[in-house]
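Chains R and P are the protein sequences, given in the same order. Mapping of the first sequence onto our numbering: position 416 corresponds to residue 494, and the numbering continues sequentially without gaps. Mapping of the second sequence onto our numbering: position 411 corresponds to residue 489, and the numbering continues sequentially without gaps. Quick reminder that beta carbons are idealized off the backbone N, C-alpha and C, glycines included. All figures in this text were calculated on a predicted structure; none of them were measured in a lab. Before any comments, here is the structure.
Number of protein chains: 2
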Amino acid sequence: MKEREVYLDNPTLKEALDRFFEELEDAGALKLVESEIVDVREALGRVTAEPVFARISSPHYNAAAMDGIAVSAKDTFGASEKNPVRLKEGVSFWPVDTGDPLPPGCDAVIMIEEVHPLGNGEVEIVSPCSPWDNVRGIGEDMAATELVVPENHRLRPQDLSAILAAGHTAVRVRKKPKVAIIPTGTELVNPGTPLKPGDIIESNSAMLAGLVEEWGGKAVVLEKVKDDFELIKQKVQTAASSADVVLINAGSSAGTEDYTSSCIKALGKLSVHGVAIKPGKPVALGYIAGKPVIGIPGYPVSAYLAMELFVKPILYRMQGLPVPKREKVRARLSRRVVSSIGTLEFLRVKVGKMGGEFIASPLSRGAGVIMSVVRADGLVRIPESKEGIEAGEEVEVELLKSKEEIENTVLMIGSHDVTIDILANELKRHYPEITLSSAHVGSMGGIIALKRGETHMAGIHLLDPETGEYNVPYIKKYLGDRRILLVNLAYRQQGLMVKKGNPKGIRGIEDLVREDVTFVNRQKGAGTRILLDLKLKELSIDPERIKGYGKEEYTHLAVAAAVAGGGADVGMGIMAAAKAFDLDFIPVGQERYDIAIPEEFFHMDSIQKILKILRSEEFKKKIEALGGYNTSMTGELIGGD
Amino acid sequence: MKEREVYLDNPTLKEALDRFFEELEDAGALKLVESEIVDVREALGRVTAEPVFARISSPHYNAAAMDGIAVSAKDTFGASEKNPVRLKEGVSFWPVDTGDPLPPGCDAVIMIEEVHPLGNGEVEIVSPCSPWDNVRGIGEDMAATELVVPENHRLRPQDLSAILAAGHTAVRVRKKPKVAIIPTGTELVNPGTPLKPGDIIESNSAMLAGLVEEWGGKAVVLEKVKDDFELIKQKVQTAASSADVVLINAGSSAGTEDYTSSCIKALGKLSVHGVAIKPGKPVALGYIAGKPVIGIPGYPVSAYLAMELFVKPILYRMQGLPVPKREKVRARLSRRVVSSIGTLEFLRVKVGKMGGEFIASPLSRGAGVIMSVVRADGLVRIPESKEGIEAGEEVEVELLKSKEEIENTVLMIGSHDVTIDILANELKRHYPEITLSSAHVGSMGGIIALKRGETHMAGIHLLDPETGEYNVPYIKKYLGDRRILLVNLAYRQQGLMVKKGNPKGIRGIEDLVREDVTFVNRQKGAGTRILLDLKLKELSIDPERIKGYGKEEYTHLAVAAAVAGGGADVGMGIMAAAKAFDLDFIPVGQERYDIAIPEEFFHMDSIQKILKILRSEEFKKKIEALGGYNTSMTGELIGGD
C-alpha cells in the first residue's frame with residue numbers, strides 16, 4: 079500500500095486560528111487589498127478605501143424650501159389681518175418653486191397657500207415672516223469639507239446619493255479580493271456529464287465561489303485538476319501569483335492521493351494541517367508567496383465550515399471590514415446528541431418557535447450531507463469539553479436565517495411522505511412568508527415530538543392491531559391529556575419495492591423469509607414498520623427469519639435507494655418511492671396518513687394556510703399524479719378525537 | 079401665476095397602501111415576473127420559479143466513507159485480538175479511498191487505522207465490522223425525487239452546490255423585475271457639471287437604482303427629462319411598455335412645474351396623490367398599461383421613504399418573496415420631538431447602547447437632508463394620533479444597521495469640531511468594528527446628554543467667566559455627583575470668519591455693532607457663543623446692538639456657509655471652518671476643547687481604542703495640518719476632576 083500523509087498535531091479551532099493568523103500576519107499575507115477609483119453610480123456595496131469629504135456644500139446656494147414667493151423679510155414686518163401688506167412681482171416678490179435660488183435681496187419664502195393674489199402682479203399677505211423662513215441655507219444638508227462617509231465603509235444606496243450631492247463623480251474603493259478556487263480530484267466530473275460509479279459531480283466550487291461573492295470577494299474557479307502532485311503544484315503556484323487568496327478543494331485529508339498539504343509545504347509554509355473540529359477536520363492552512371492558501375476538505379459540509387471559519391475572516395480583514403456576526407438565539411435541543419470529547423462539533427439544526435420558546439432539532443451529522451446545510455436554520459457548537467448535549471438542554475444557536483423567517487416556520491416532525499415536499503412547495507408558492515420544515519423520524523417519533531412540545535404538527539400513519547383503526551388509538555394512548563385534531567393528508571398504498579422486472583420473483587410478505595432474499599427495514603416506531611410487523615404476525619412469520627430485518631432506514635426513499643443500489647432485494651414503502659427509483663411495486667395494503675395538530679396551534683394563521691392548501695384541488699391533483707394516493711379525505715378533519 | 083395641481087385627498091399610509099395595492103391587483107399589475115433558465119453556477123441570489131427536485135441520488139453509488147479497505151462484513155465476523163482475521167488484497171479486501179465505489183460483493187469499509195498490514199498483499203484485523211459500516215449508501219445525502227429547494231426560494235451558495243449534486247446544470251429562476259427610473263426637472267444637472275445657483279445635481283437616481291438592486295430588481299436609469307409635460311409623458315409611456323415598474327423622480331408634489339401626477343392620469347390611472355406621511359407626502363401612486371408607476375418625491379429623504387414604503391413591497395411581491403422586516407429594538411428617546419396630529423412622521427435617529435439600554439437621538443428632520451439617512455441607525459414612527467414624543471419616552475426603532483454594529487458604536491454628543499470627523503475616520507480605519515457616532519448640539523447640550531445618560535462622551539469647550547478656566551467648572555457644577563474624566567482633544571483658535579478679502583474691513587468683535595455689518599450667531603449653550611458673550615461683556619457691548627445676533631446656527635461649518643453664501647457678513651468659529659469655505663479668519667483667542675467621559679465608560683474597550691488614536695502621531699499630524707490647532711495636550715488627561 080502507498081504512503082500516506084499524517085496529521086502532525088490536532089489543534090483546537092482557537093489554537094489553529096491563532097497560529098494561522100499570526101503566521102499570515104508575520105508573512106504579510108493579510109494586507110488590505112489595493113484600491114481603485116470607480117464611478118459613484120457603480121459603487122453600490124463596495125468598500126471605501128479613503129474617507130469621502132464633501133467637495134461642495136449642499137445646497138450650494140440659498141434655496142427656496144417651498145413653492146411660494148421669495149421676499150425680503152423686512153418688507154413683511156407688521157403684516158396682519160387688519161393691515162395686510164401688498165407686494166409687487168419683480169419689485170418686492172418673486173414667484174419661486176421648491177429648489178429655486180433666492181433672487182438677490184431676498185432672505186425668506188412665503189408659502190403659496192399664504193399668498194392672496196390680487197391680480198396685476200400684486201399679492202397680499204396677512205402675516206409677517208422672519209429672515210430665513212422656508213429657505214434651505216447653503217450647507218443645510220452638508221457643508222463643504224464635512225465627512226460624508228468614512229474609510230472602511232460599505233456603500234449603501236443613500237451613500238451614493240450623498241457622495242454625488244457632495245460634488246464627487248468617482249470614489250476610491252477597495253478592489254474585491256480575488257480568490258482562486260482549484261477543484262482537484264481524478265474522480266471529479268463536470269456537472270452534466272453522464273455518471274458512472276465513482277464519479278463525483280464537481281459541485282463544491284459553486285458553493286465556494288458563492289460564499290466568496292457573498293463576502294465581497296471575486297471568485298475565479300479554475301479548471302479541475304486530477305490527483306497529480308506536479309499538476310496541482312503548478313496550478314497552485316500560478317494561482318498564488320495572480321490571486322489574493324488560493325483555495326484548493328479536496329485532497330486536504332490524510333488520504334493516499336491527497337496532495338494539498340504537501341503542495342503547500344513544497345511551495346510555501348503549511349501552518350496547520352488538521353483541526354479538532356467536526357466536520358472540517360482535514361483543513362490545511364498555510365501561505366505561498368505572501369498569499370493565504372487553504373486546503374478546503376472535499377465533503378461539502380466540511381467545505382462549508384472551513385470556508386466559514388477560515389476564509390471568511392481573511393476576506394473581511396483584507397477589505398478592512400469587521401466580520402459580521404450571526405444573530406443568535408437560545409433554544410432547547412429536541413433530542414440527545416452524543417459527541418466526542420476533544421472535538422468541537424458543529425451541529426446543523428432546524429429551529430422552530432413553539433409557543434414562547436425556540437426548539438432546535440438536530441439534522442443529519444454526516445459531513446457528506448450538503449442537504450443538512452440546505453435545510454439548516456442554524457448551527458450549534460458542541461464544545462471540545464462536552465460529551466454531548468442532553469434532550470431539553472438549552473443551547474445557543476447561530477442562525478443561518480433571520481429570526482423572522484424562523485418565527486414564520488411551521489414544524490412538522492414525524493413520518494416521511496413524498497407529498498410533504500409538495501405541500502412545502504405549494505405553501506411557499508402561495509404564501510412566500512411561510513415555510514414548512516419537516517423532519518423525518520417516523521410516526522412514533524412524531525407522537526413523541528408532540529408530547530414534548532417540539533413540533534407544531536406530526537405526520538402519522540399508525541395502525542392499531544387491536545382495533546384495526548389508524549392513528550386515533552395512538553393519540554389517545556400517548557397524548558390522552560391533550561386536545562389533538564387529526565387532519566387527513568391522504569390514503570396511500572403501501573407495498574413491497576423490488577428491482578425492475580422483479581428478478582427474485584417476490585410475490586408478497588411470505589417471500590421475505592426466502593434464503594435468497596435480503597430485506598431492508600424501516601426503523602422501530604415507523605408506521606410502515608408497524609404495518610409490516612402486523613402483517614408478519616397475521617402470517618405467523620418470525621421476523622428473525624428475515625435476512626436484513628435488522629438493517630433500518632429512516633425514509634421510504636432511503637429504502638427504495640437501498641433496493642435500487644443492490645443493498646437489498648426488497649423493502650416496504652409507498653408507491654411514490656418505488657416510482658422515484660424506477661422499482662417495481664407489489665401492493666400490500668392501503669393506509670391512512672394523518673396530520674396531528676394540537677388544538678393550541680390549530681388556529682395559527684400559518685396552519686390555517688396549510689389547511690387551505692391541503693383542501694385545494696390543485697394540491698390534490700398534484701399528489702394523485704404521483705400514483706398510489708387517494709385524496710378523497712385530504713384536508714378533512716378526522717372525527718373521533 | 080400659473081395653474082397648480084392640488085391634492086384631492088390626503089389618505090393615511092395604511093389607506094394609501096390598501097387602495098394602491100388593491101387597484102394594482104385589480105389591474106393585473108402585481109403579477110410575478112417571468113422566469114428564465116440560468117446556469118446553476120450563475121444563479122446565486124436568484125429566486126426559484128419552480129421547485130427543484132433531485133434528478134439523481136447523491137451519492138449515486140455506494141461509496142467508501144473513509145480511506146481504508148472494502149470488505150464483505152461477513153468475512154470479518156468473529157475477528158478479535160485473540161483471533162485476528164486475515165484478508166487478502168483482491169480476494170477478500172480492496173484498498174479504497176474516501177468516495178471510491180464499493181467493489182462488487184463488498185458491503186463495508188474498515189478504516190485504514192484499524193488495518194494491520196502483514197506484507198504480501200495480506201492484512202489482519204482484530205475486530206469485526208457490520209454491513210454498511212463506513213459506507214455512504216446511495217441517496218444518503220439526497221434521494222432522487224426529493225425536494226432540494228422549493229419555489230420562491232432565494233438561492234444561497236449551499237443551494238447551488240446541492241442543485242448541482244442533484245444532477246441539474248440549470249435552474250429556472252424569476253427574471254429580475256426591471257425598473258425604469260426617469261429623473262425629471264429642468265434644474266437637474268449631471269454629476270460633474272460645474273454648478274450655478276439653482277442647479278441641482280442629479281444624485282437621487284443612484285440611490286433609487288441602488289435600492290432597486292438591493293431588493294432584487296434590475297434598475298435602468300434613463301436620461302433626465304426637463305419639466306415639459308409632453309416630453310415626460312412620452313418617456314413614461316415608452317418606459318411602461320418595456321419595464322415592469324416605472325419610477326418618475328420629482329415633479330410629484332403640487333408645484334407649478336410638477337407634471338408627474340397629471341402624466342400618470344393622462345396615460346393610466348392615478349390611485350393616490352399625496353399621503354399623510356412626513357417626509358414623503360407628495361408621492362404619486364398609479365399604474366399605466368398594467369405596470370405600477372410611482373412618482374417619487376424630489377427631496378432625497380422623501381424619495382428614500384417613498385421607495386421603502388411603496389416600491390419595496392411591489393418588487394418583493396413580483397419576485398414571490400416576503401418583504402423582509404427590519405430588526406427592531408426598544409429605545410428611549412433622548413430629546414422631545416413635536417409632530418403634527420394626522421401625519422405619520424418617520425424620524426431618523428442615531429441609536430447607542432448606554433449601559434443596558436438603547437438610546438435614540440433624533441437627527442435633522444428636513445426632507446432635504448440626505449445626510450440624516452446616511453447617519454441614521456434607525457427610524458422611529460410617530461403615529462398620526464400623536465403630537466410628538468417626550469424626552470425619555472420609550473419608542474420602537476426599526477434598525478437600519480445590525481444590532482451588533484450599534485452595540486459597537488461609541489456616542490459622542492456635544493460641540494462640533496472638524497477633528498471629530500477625522501477621529502471617526504481614523505477609528506474606522508484601525509478598528510473597522512467600531513464606529514464613532516457624533517451629534518452636534520453644542521457644549522452645554524453635551525453636558526446635558528451626559529447628565530441624562532444619553533452619550534458615552536461629550537465634546538466641550540466651555541470657558542468659565544469667573545475663573546477663566548475651561549470645562550472643569552462646568553463639569554463640577556452640572557455633573558458634580560458623577561466621576562467624569564476629561565481628555566484633551568486639542569487647543570484651537572477661535573475667530574471671526576469674513577468673506578475672502580474682508581470686504582467690510584472687519585477688525586474684531588467691536589466691529590460687530592456696525593450698521594453695515596450682519597452677524598450670524600451660534601446657538602445658546604455653544605462654547606463659541608459663551609466665548610462671544612464673554613468677549614462682548616469684557617467690551618461692554620450690548621448684544622442687542624448686533625444685527626443678526628438672533629440668527630443661530632448649530633455648527634461652525636453652518637456659520638461659515640452662511641457667511642460664504644451671503645446670509646451674513648461675519649460669524650464666529652474655528653479656523654478649519656473658515657478654510658473649508660475659503661473665508662478670511664481674524665483670530666479672537668485660543669480655547670481648550672476636551673472630551674468628557676464618565677468613569678464607568680472610560681475603560682470600555684472601544685473608548686480605550688479612541689484614546690489610542692488620539693495619542694497617535696498620525697492623528698496629531700492630520701489635525702495640525704488643518705490649521706488653527708495645537709495638539710500639545712491631545713489625548714492627555716486633564717487634571718482637576
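How would you call residue i, buried or exposed, if buried means at least 16 neighbouring beta carbons within 10 angstroms?
i        : result
R:SER516 : buried
P:LYS80  : Bear in mind that the predicted position of P:LYS80 carries a pLDDT of just 46, short of 50, making it too unreliable to give a figure here.
R:SER618 : exposed
R:ASN549 : buried
P:ARG82  : Residue placement at P:ARG82 is poorly supported in this model, since its pLDDT is 49, which falls under 50; the coordinates are not used for a value here.
P:SER281 : buried
P:GLN558 : A quick correction: the sequence has Gly, not Gln, at residue 558 of chain P. Exposed, by the Cβ-count rule.
P:LYS406 : exposed
P:GLU224 : buried
R:VAL401 : exposed
So, helix, strand or coil for residue i, using DSSP?
i        : result
P:THR606 : helix
P:GLU695 : helix
P:LEU348 : strand
P:VAL648 : strand
R:ASP662 : strand
P:ASN212 : coil
R:ASP455 : coil
P:SER170 : coil
R:LEU387 : helix
P:GLU622 : helix
P:SER136 : strand
R:ALA244 : coil
R:LYS479 : coil
R:LEU122 : coil
P:MET220 : strand
R:MET490 : strand
P:LYS700 : helix
P:ASP322 : coil
R:ASP305 : coil
R:GLU669 : strand
R:MET144 : coil
Does any CB atom of chain A fall closer than 7 Å to the CB of residue i?
i        : result
R:HIS138 : No chain A appears in the structure shown, which is made up of the protein chains R and P.
Residues in the region 602-631 of chain R having any Cβ partner in chain P nearer than 8 Å: Along the region 602-631 of chain R, the positions whose C-beta sits under 8 Å from a C-beta of chain P are LYS629, read in chain order.
Residues, ordered as in the chain, of the region 656-674 of chain R that lie near chain P by beta-carbon distance below 7 Å: So the list reads ALA658, PHE659, given in the order they occur along the chain.
Any contact of the region 246-256 of chain P with the region 103-122 of chain R, i.e. 3+ C-beta pairs under 8 Å? Short answer: they don't touch.
Note down, in chain order, all residues in the region 460-485 of chain R with a beta-carbon under 9 Å from any beta-carbon belonging to chain P. Those residues of the region 460-485 of chain R placed with their C-beta closer than 9 Å to a C-beta in chain P are LEU478, SER480, LYS481, GLU482, GLU483, ordered along the chain.
Given 8 Å, three or more beta-carbon pairs between the region 464-482 of chain P and the region 148-163 of chain R: Taking 8 Å as the limit for Cβ pairs, the verdict is that the region 148-163 of chain R does not touch the region 464-482 of chain P.
Does the region 486-499 of chain P come close enough to the region 531-538 of chain P that 3 or more CB-CB pairs lie under 8 Å? With a cut-off of 8 Å, the region 486-499 of chain P and the region 531-538 of chain P count as touching, because enough Cβ pairs lie within range.
Could I get the ranges of all uninterrupted alpha helix (DSSP H) runs contained in the region 492-548 of chain R, with 4 residues as the minimum, in chain order? Within the region 492-548 of chain R, the complete alpha helix (DSSP H) runs of at least 4 residues are 496-508, 520-529.
Does the pairing of the region 576-585 of chain R with the region 702-710 of chain R give three or more beta-carbon distances under 8 Å? Contact between the region 576-585 of chain R and the region 702-710 of chain R is absent: fewer than three C-beta pairs spanning the two stretches fall below 8 Å.
Contacting positions in the region 212-223 of chain P - beta carbon closer than 8 Å to chain R: Answer set for the region 212-223 of chain P: ARG214, GLY215, ILE216, GLY217, GLU218, ASP219, MET220, ALA221, ALA222, THR223.
Taking 8 Å as the threshold, find out whether the region 290-304 of chain P comes into contact with the region 262-278 of chain R through three or more Cβ pairs. No: the two stretches stay apart, fewer than three of their Cβ pairs being nearer than 8 Å.
Quick one: any contact between the region 426-442 of chain R and the region 196-212 of chain P, if contact means 3 or more CB pairs under 8 Å? Between the region 426-442 of chain R and the region 196-212 of chain P, the count of C-beta pairs closer than 8 Å stays below three; the two stretches do not touch.
Taking only runs of the beta strand (DSSP E) that begin and end inside the region 400-480 of chain R, which ones reach a length of at least 3 residues, in chain order? Runs of the beta strand (DSSP E) inside the region 400-480 of chain R: 406-411, 422-432, 435-440, 456-460, 472-477.
What ranges does the alpha helix (DSSP H) occupy inside the region 243-287 of chain P, keeping only unbroken runs of at least 4 residues that lie completely in it? Entirely contained in the region 243-287 of chain P, not one alpha helix (DSSP H) run reaches 4 residues.
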